[in-house]
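The block underneath contains the structure these notes are about, expressed in structure tokens.
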Amino acid sequence: MSLTKTQVLQKLGKLPNSVQEADLILKDVIHSVCSGELSLDEVVEGLSSSLTHTSPAERGAGTRLLADLLHSLPSSSLNTAQITFLVSFFVDRLKDHHSVIPNVFYACLALVKQEMIDGEDVRKLIQGIFREVQCQSHIMSDRRNIYTFFKYCILNKHQDLEALGTDFILGLVTAVDGERDPRNLVLVFSLVPVIVQSIPTGPFTEDLFEVVAAYFPIDFVPPVNDPYGISQEDLVLGLRRALASTPLFAPYCLPLLQEKLDSDINSAKLDALHTLVSCCEIYSGEDIRPYVIPLWHSIRREVVDGIGEGMEQAALSALTAVVTTLDKGPISPVVLQATQSLVQMSLNECVPHLTTPEQRLVFPSARLLLALVVAAEGPATTVSTAVVPLLAEQSRTKKEETAQRNTIIILGKFLGAGAAFPDLLTGGLGQHEEVWWTALSLALSQPVPQVQEAAVVALTAALPALSNHRLSAAATTLTSALLDSQRQEKLKSSIVNCLAALGRLHPSAILDHVLPHLLVEMERDVCDNDQWVKEVQVLDTLAVLTLAHSQVSQVLPLLWDRTKASLAKKPGEIERAIHYLSCVRKILVNTLEEPECREYIINEWCGIKQTMALAVSTIWECQDTAKLPSVMAELSAICRVLLATVSEPHGLVESLVSVAIGGSVVQSSGVLSEVLAAHPKVTTLLFTGLIGNEDSPRAEYMVYMTEGVLMGARSLPESAAGILGQLRKVVWGPELEEKSEGAREGKQEVRRVAAILHASVINKLPKGVSLTKSLEETWSDVMRELEAGVSKGKRRWALTIATWTCKALILRGAEEWKQWCTRMQELLSDPLIGMEAAHNFGTIVKDHNYALTSHTHANIRLLHKQRFFESVVGPLVELFSTTNDIKTKSCALVAIASLLPWLPHIVLNAHIQKLLPVLLQGLNTSDFSKIGEASINMERHDARCGSETRLSTLTTLASLLKQNASPAERHTSTLISFLMPLTTYHPLTVRVKALECLAALVTLPVSVILPYRNEVVRGLRSALDDRKRVVRQAATHTRSLWILVGAPGGF
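Heads up, the sequence shown is in full-length UniProt numbering, so the first residue is 1 and it goes up one at a time.
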């Protein structure tokens, strides 16, 4: 119930000491003022006893309540007279006790935001603060209120500040001078750019600059647990923007930067270079001109000395920025002369080093000149005209390999940089094109591989500088080199990259001078291994270079015809067909985003129809059943890529499902109808393949095309749920009886594909009755097949479906995943399939190559891995700790270890104390020997679980310990005793990871690890003689760290 006016005034007359009670009074006052029951004048009158009290605490309380009230009122609630009265009152209060003044700052900030405040009142507030307040004598929060008040006035009341003139600048400089708090400094730095753009600084320009320049360079290091989040970068960038905010700062800023560049502090140099780049964006050529020569000497020193890549890059960026500034806008004669002097000085100092390309200074000198070239066209013309002919001639006269290679590389960089200026192509570079092209051509024909590779790299950089007929010649030369079997693989890779860049500049050169040679080479019969390797290289090159519509329309049909011809020949040709299909898939991925290419592939070439037709003929006619799954997998991948570009795939999906379920041709339409008309056997393949038919054993391979369509579609209609029952029948079909190992593996792969497709359909089905019913049917079928009395083979395939279904539900965030996950945890105690269930926990969190990913348009919810892990880690650790059955304990351990490599460390860190005892058991080799004794009839993957678990555990443990080893402090003795034996007589990766874990432990307190130092140092001697170099290196590093434990200057 709201208080009456009289009650409110009575409470105002006697303010409580409690902050909570004062807040309650404030709410009542705000309600009364906003409703019109109480005027502001009456509030001030009611507070008169507090505002005029002899006690500073009472005056402070009254002032604070009035300030809070002003902040709570709308900005249009006060009229001019009320504002003037309050301004006079608060300006007078600035003379009050120091405990009262902070509340006045807060009230001033509220008053200046009132819409009806006039300029005179704004100026009174500002002058009162300047006159009465010593800003730096107040605490941080109060100073922040003052700065916020100034910033608001500058941004919104700058016209009212013009009457103050430079007095405002002087007052502000005085107020902020000596500020030390990082939070306030960020605010102060942000004030400067606003001030210089809004208010003339007059004679106080230098004072304003000096008050912020005193903090340059920033050396602030935030505390470890900084609650305010102020970083060094925030301060550095804020100060940089302030220093570069106006050209008026140039006479003061540039000498400061020059001074820091000449200092011995690398961080100050780096900050000065970055600040110089920012200043050049604002300053003019006239501002920078007097400092050009000193800046050049400082920048050159940093590049030549080679302190570090970051310093060198910053210096080169600064040089480019300086020259760009000199060249922008109207150029006066003195600025032009300064630019010419800088360029000439650079040439005089750097060109002599270019003539000695075998020495160290050649590349720093080249980079300095390149920084001039990329800056502006004038310097680029001067430098390129002087340097390019010199380098071209030098590449022919220098015979030493290193000199030739360095010269060619530098020549290519200058050509590439100069090509950014069109006038330079027709001028300086164009006039010498014959010379430098000849130099590059000769380098390509050199017998030295390093020179050839340098020539290709240089040519790649120089391509924009070549005319069209030279590009054609380059394409021919590069193609010949690519097809030369004597060339090294690294060189051929560089050539392919160069041809790809050439194709983007001049597509017709690829079409006319590269593709014909590649296609002719592809037509040759494979008669030896070298020819087969060359054909693979040709296909890889075609996949990279076929980008434009004209190229796609020529290459794609030819590749497809070659694929069909290879599939129709003897079984030995199947491998070629797989490579052809892989090349087709890569071309589709690279070109389908281009509208013209997509129109050709989908509509003219009829890609989906072609793919499905080839799949049908392959299933019926392929003679090599062992390679058939690989061929079908490539066709499925092509189908996925094609379907992803179809905006409305539901028609094809519904037709496919209709035929697959009921064998009905009538309900098919579109692409599938055309395929059925040309290949009537498709109906038989789809129908019998998904229901199982011993008379058509190959029909089940049609599941690959079903996968291509359903996974490639961006979304699925509800009718797609009808195919789930058939897919389950494929997965747990009859026992495999194939005598051939290849045929048997092919059938198993078909079943795996069907299980994965089953999960993908569940993941992509829309929410509704259809999805719910499908999940209930799937649960019933899978649980029935998982019963103990069912054969082990069928139980394993049922487990596969359960695993992938659980993964699909977790990804889409469906609640049903929990019952599937609970069932998988129960299976860990199963003596037959418990270990396989344990490994399948890793399958759930591990990303598949293509299934259930964004590339196949899966329904993926953020943080699904984290939610799954948080749900299962507790029960798994509990099962590991409480069970007495060693096989069940092993399965729980493997389940946990399978999860660890695929989870972010930030998630694992939250459970590190709970996981460490389990991880330690994963390192204990003796426990795994007991597991082996307890299970005489273990299968191969069970027998390997110890090694796999150790590696997974070690990999995770090493990463966690490198980030933070402190949780392992209580387990140091156990860790060392388990890790030391793993450094010898174990797989390479296990030995290396064990050494990494030991190295990470040296970050623990010396008092904890010192007792184990001698034991570790002695134990690592044998690892120093390991057969593998990588182990010896890790052992040397780890042993050195442990030797330094407790030593002076060590850990």
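Note that CB positions come from ideal geometry on N, CA and C, so glycine has one too.
Since the structure is predicted, the reported quantities are computational estimates derived from the model, not experimental observations.
Close beta carbons around residue i, own chain, < 8 Å, minus the five adjacent residues each side
i, result
"Ala1035", "Thr983, Leu995, Leu1020, Ala1023, Leu1024, Asp1026"
"Ser88", "Lys124"
"His971", "Leu916, Pro917, Leu920"
"Ala462", "Leu411, Gly412, Leu415, Gly416, Ala419, Trp436, Leu440"
Per-residue burial, residue i [other beta carbons within 10 Å of its own, 16 or more giving buried]
i, result
"Val1030", "exposed"
"Asp287", "buried"
"residue 1120", "Residue 1120 cannot be examined here, being either before or after the span of the chain that is shown, 1 to 1051."
"residue 1053", "Here the chain covers residues 1 to 1051 and nothing more, so residue 1053 does not appear."
"Val761", "buried"
"Ser39", "exposed"
"Val221", "exposed"
"Ser395", "buried"
"Pro364", "buried"
"Arg861", "exposed"
"Glu939", "Unreliable placement is indicated for Glu939, whose pLDDT of 44 sits below 50; the coordinate value is still reported in the next sentence. When all chains shown are included, Glu939 counts as exposed."
"Glu654", "buried"
"Pro904", "exposed"
Residue from the options with nearest C-alpha to residue i
i, options, result
"Ile976", "Glu358, Glu776, Glu621, Pro1011", "Pro1011"
"Asp264", "Tyr291, Ser298, Leu237, Pro290", "Ser298"
"Arg240", "Pro222, Phe220, Asp271", "Asp271"
"Phe841", "Thr853, Ile801, Glu815, Ala858", "Ile801"
"Pro649", "Gly712, Gln623, Trp620", "Gly712"
"Gln452", "Leu482, Asp423, Glu433, Pro464", "Leu482"
"Val894", "Leu908, Gly874, Val918, Thr882", "Val918"
"Thr772", "Gly722, Ser493, Thr397, Pro981", "Gly722"
"Ala375", "Leu442, Val457, Glu281, Pro449", "Glu281"
"Val173", "Ile195, His986, Val211", "Val211"
"Ala1047", "Arg1032, Arg1018, Gln1033, Ile1009", "Ile1009"
"Glu700", "Thr320, Ala57, Ala999, Val730", "Val730"
"Gln340", "Val373, Ala366, Val362", "Val373"
Contact belief for residue i with residue j at Cβ below 8 Å, rounded distance in angstroms
i, j, result
"Val343", "Pro379", "5 Å"
"Cys498", "Thr460", "4 Å"
"Ser317", "Val292", "At roughly 16 Å, the Cβ-Cβ gap does not stay under 8 Å, so Ser317 and Val292 are not in contact."
"Val43", "Leu69", "7 Å"
"Ala455", "Ile408", "5 Å"
"Ala808", "Leu852", "6 Å"
"Leu191", "Phe216", "Their Cβ separation, rounded to whole angstroms, is 16 Å, which puts Leu191 and Phe216 out of contact at 8 Å."
For residue j and residue i, the rounded distance between their alpha carbons
i, j, result
"Met345", "Gly229", "47 Å"
"residue 1095", "Ile912", "Outside the modelled stretch of the chain, which goes from 1 to 1051, sits residue 1095, for which no answer is possible."
"Lys747", "Ala755", "13 Å"
"Gln825", "Gly768", "28 Å"
"residue 1052", "Phe249", "A question about residue 1052 goes unanswered here, because the residues of the chain that appear run from 1 up to 1051."
"Ser959", "Lys993", "9 Å"
"Thr148", "Ala214", "21 Å"
"Gly708", "Ser630", "14 Å"
"Ser929", "Lys1028", "Unreliable positioning characterises Ser929 in this predicted model, as indicated by a pLDDT of 45, which lies under 50. A coordinate reading is not provided."
"Val790", "Trp620", "34 Å"
"Val1002", "Thr989", "21 Å"
"Ser231", "Asp177", "21 Å"
"Thr355", "Arg585", "49 Å"
"Glu870", "Val536", "47 Å"
"Thr52", "Arg93", "10 Å"
"Thr476", "Gln197", "58 Å"
Close Cβ partners of residue i (< 7 Å) along its chain, the five nearest in sequence each way excluded
i, result
"Trp732", "Glu785, Lys794, Trp797, Ala798"
"Leu86", "Leu111"
"Ile83", "Leu111, Gln114, Met116, Ile117, Asp121"
"Gly503", "Ile510, Leu545, Leu547"
"Val666", "Its pLDDT being 47, under 50, Val666 is placed unreliably in this model, and the value from its coordinates should be taken loosely. Hits under 7 Å: none found."
"residue 1067", "No answer is possible for residue 1067: the residues shown for the chain start at 1 and end at 1051."
The ligand SAH heavy atom lying under 7 Å from the CB of residue i
i, result
"Ala163", "Questions concerning the ligand SAH fall outside what the structure shown contains, since it holds no ligand whatsoever."
6 Å Cβ shell around residue i - same chain, five flanking residues per side excluded
i, result
"Arg698", "Ile619"
"Glu302", "Met311, Ala315"
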